[in-house]
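Written below as structure tokens is the structure these notes are about.
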């Protein structure tokens, strides 16, 4: 009988080994499926960006890659809060459409006055009037395919022009780009954080499953060794047994993988969902993951045989375990130091590789420190116990801290990730707001002083054509400065009439404050004699027009502080604003019509509004919240499953002792309480520690993007509370497990 | 009153009447009547599968009978719920299993103190009582040792101390010497019977060991779920 046949026979006749094998297979399947999904995230973001490579102007070569054949401009437009990617193109003189190699998904190059739109934009064009949307583009003559879109519901328009009708900001290029796209850096960062914080709980789940009947297997193998089996034969038996269950699990993981990818494709990011094909992994990497996970399980099983291989009698009898060394505690500060250095260095170099390595080390250090903490908690309870359950739990924690910590390991990492996320999210949320000084509903487009009048005139003509009463006005931007050279300080100021400022800005000016002649409107009192007005910050300034008054206004929003409004009559002749913004008020009913009126004169410049700015912020925050919640739920479920499996394994390993105790009258509730304490005590201490480390890591990561302080909300405690709750929930499987033990004959072993 | 109900004034401390236990179609006990007097030491013998361990488990309330009645000190106990039966096992019975079945993580004194702690005794009193029993069974100085650090005979004596510490009426021992050599087994049985004699507890021992059975004052032989012979020394 060979090793595989023995393994199959054991599986056939032994129910508990069979249960363990099934749970191992499920654990491996979940871990394989999850790792296959996590590993695809960087590829998915890459695939998404690669499809949209041609839409942005970052990848177009403006050097001499060949003769200039194409004029190209890319800009953002909006409709009802949704972003439209607008690509303006024109063939240069002498170039033909046939000479341009089109990117995938773009069926043809639109001629002047024509447009190719994405299917989602096509539907919007059909559902809305030309004034609201259609007039911004040409006549639709074709549809973009999915392989040319960032995500299926993306709104894209490719608009054809003659060269002279192209926006002035357009670039001369030789054709569409063919290079490698750079994926969304935030999603890339989140992908790696996700991989690091979810990979370990996945492996903990596999390890817990694989250890489910370890003690029983050890006894069986010791008996086989005593019967004359060589270490090699025993190793082969374990390898065969674990390969069987882990192999089946890996195949199951591969099979459920497309379903997980399908589910992931529904999770929106940056305004859209994904194509299922985005989550495709290179075959080599898929095979590597599908093989590596079961190999790790087999290795763990074989390494766990050390005692049986060394001395089969030793494995069957009792022994004294070595206490854990205090130096394990050093792993955490060492990893923390590495992370700190990595974060500090990353600020200078911009690389996140070292930061991710630091994060991985911190996550890994939990596995070194956790058992020591578990042992210390056990030691404390051994000293102070008053009830039998505390004594049983304390002794168990002290006696087998590594095994006891295994139940909490996944939870500790989930709490760490949760605390990190709940440090970063409220801080990001607190940073939301701000934006330009115009009222939320006002549309604006930036231009230069030379074109501002023309843009405003054309926009007003279009507004009149559409029957709208709103008027677009040009608002210049100048500086009110003090001092010269390096001593110079100043305020940015909008040049507009007080009446327009009342209507168009959110400074909170009232009509009453406009009375009294030309003025400067500020949230603080200014000694105007010490100020000059300059078109650019660095230009020499000129004194304000004589008789200009300073009106102090109480601004409703703190982010406006320092910005001013200057009446055009107060600006001395000769000061030319460095930038001019054409602004137009809108109502909810005519916003898209006003935008359409601004679109043509804007000539490719983005038409913005504070409404849109805040909406985009909330979309980004919503994306972050969503992936955080999904990640934390996944980590929590993995951790809860690990805790449950580890607790069930702990009961199964000690079923004879528990059976004897119950036979002698020990109530199940006492043993349940002891097992719950075993799970909850180290979980409580370790999760508090993990929570603190998570907050510190969150602070470190935040410092990479902003120097401001973090915002701590009371929710920061939620991961610790939930962690202990999940630990208790996972440990609650001990009661049915103990009842099962109670129901079985005592001598059945 | 049921005429079958034994009177406790001078009657048996533990009685079984018409005990039947089935596993599927298989009868482990096929209608056994048995009386155990206070201070009795009874060996239950029989071949493998004869039903002797089932009888022990049924009498101790670990397993429920399918038919028949069990009386402890004249009170019927077979109809009690699991909670009450657990309480009885904790307070009125003591158990010694093969290989001790001690809690591996607890020290010898903690193992012995466990039943008292479960009964609500304070930590200090329970540990002191445990030490006293260990000392009486010749284990002074080994109170802090774990089961893995004790010999088989020592571990069995810890189990005996644990079974006696709450002064039970009946001690059930399932193959208590099964994992011990002859001499250690004899010493262990002497310790068990001597200590039980001190407290007045009855001892019921299930064993394969013919020599051990012959050394007991009373022997009950079981075959096919029925009592085959009753011998008194």
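Chains as they are written, first to last, in this note's numbering: chain A, 1 to 749; chain B, 1001 to 1233.
Ideal Cβ placement from N, Cα and C applies to all residues, glycine included.
Beta-carbon proximity of residue i to residue j, cut-off 8 Å
i                       : j                       : result
residue 409 of chain A  : residue 642 of chain A  : yes
residue 1061 of chain B : residue 1088 of chain B : yes
residue 160 of chain A  : residue 90 of chain A   : yes
residue 152 of chain A  : residue 275 of chain A  : yes
residue 221 of chain A  : residue 234 of chain A  : yes
residue 647 of chain A  : residue 1104 of chain B : no
residue 1234 of chain B : residue 1202 of chain B : Since the displayed chain B opens at 1001 and closes at 1233, residue 1234 of chain B lies outside it and no answer follows.
residue 611 of chain A  : residue 441 of chain A  : yes
residue 686 of chain A  : residue 584 of chain A  : no
residue 560 of chain A  : residue 472 of chain A  : no
residue 267 of chain A  : residue 630 of chain A  : yes
residue 466 of chain A  : residue 609 of chain A  : no
Neighbourhood of residue i by C-beta distance below 6 Å, restricted to the same chain and skipping five residues each side
i                       : result
residue 698 of chain A  : 420, 423, 424
residue 46 of chain A   : 183
residue 491 of chain A  : 480, 562, 564
residue 1097 of chain B : 1174
residue 1215 of chain B : none
residue 181 of chain A  : 49, 50, 53
residue 6 of chain A    : 237
residue 358 of chain A  : 338, 339, 342
residue 257 of chain A  : 33, 36
residue 1185 of chain B : 1177
Residue i: first and last residue of the uninterrupted beta strand (DSSP E) it sits in
i                       : result
residue 1219 of chain B : 1218-1223
residue 73 of chain A   : 70-79
residue 1021 of chain B : 1014-1023
residue 141 of chain A  : 139-143
residue 584 of chain A  : 579-584
residue 519 of chain A  : 519-522
residue 549 of chain A  : 549-552
residue 55 of chain A   : Residue 55 of chain A -> no beta strand (DSSP E), and no H or E assigned at all.
residue 960 of chain B  : Residue coverage of chain B in this structure runs from 1001 to 1233, which leaves residue 960 of chain B outside it and unanswerable.
Proximal residues to residue i (C-beta, below 7 Å), its chain only, five neighbours per side dropped
i                      : result
residue 683 of chain A : 408, 411, 723, 724, 727
residue 368 of chain A : 328, 331
residue 125 of chain A : 117, 133, 134, 140
residue 35 of chain A  : 199, 202, 289, 293
residue 446 of chain A : 579, 581, 605
Interface partners of residue i on chain A, CB under 8 Å
i                       : result
residue 1013 of chain B : Result: empty, since nearest Cβ-Cβ is about 17 Å, beyond 8 Å.
residue 1117 of chain B : 387, 388, 391
Contacts of residue i in chain A (Cβ-Cβ under 9 Å)
i                       : result
residue 1114 of chain B : 388, 391, 392, 661, 664, 666
residue 1071 of chain B : Ordered by position in chain A, no residue passes the 9 Å Cβ test against residue 1071 of chain B, which lies about 18 Å from the chain.
residue 1090 of chain B : 664, 665, 666, 667
Boundaries of the alpha helix (DSSP H) in which residue i is found, first to last residue
i                       : result
residue 40 of chain A   : 15-51
residue 503 of chain A  : 498-504
residue 628 of chain A  : 610-653
residue 1210 of chain B : 1210-1215
residue 730 of chain A  : 718-731
residue 742 of chain A  : 734-743
residue 1128 of chain B : 1123-1136
residue 1190 of chain B : 1182-1199
Chain-ordered neighbours of residue i on chain B, where CB pairs are closer than 8 Å
i                      : result
residue 385 of chain A : 1123
residue 396 of chain A : 1105
Where residue i meets chain A, residues with beta-carbon distance less than 7 Å
i                       : result
residue 1086 of chain B : 665, 667
residue 1110 of chain B : 391
residue 1077 of chain B : None at all; the shortest Cβ gap to chain A is about 13 Å.
Own chain residues within Cβ distance below 8 Å of residue i, not counting five before or after
i                      : result
residue 615 of chain A : 81
residue 4 of chain A   : 240, 244
residue 520 of chain A : 480, 493, 526, 528, 544, 548, 549, 550, 551, 564, 565, 566, 567, 570
Closer than 7 Å at the beta carbon, the chain B residues around residue i
i                      : result
residue 657 of chain A : 1101, 1103, 1104
- Item | Members of the region 220-249 of chain A that neighbour chain B once the beta carbon cut-off is set at 9 Å | Correct list: empty, as no residue qualifies.
- Query: Along the region 1016-1041 of chain B, what residues have a CB closer than 8 Å to any CB found in chain A?
  - Reply: Hits within the stretch: zero.
- Message: Along the region 668-680 of chain A, where does the CB come closer than 9 Å to a CB of chain B? Name the residues.
- Response: Considering only beta carbons, the part of the region 668-680 of chain A lying closer than 9 Å to chain B consists of 668, 670, in chain order.
- Could you name the residues of the region 396-420 of chain A whose beta carbon sits closer than 7 Å to any beta carbon of chain B, in the order they occur along the chain? Contacts with chain B (Cβ-Cβ distance below 7 Å) from the region 396-420 of chain A involve 396, 399, listed in chain order.
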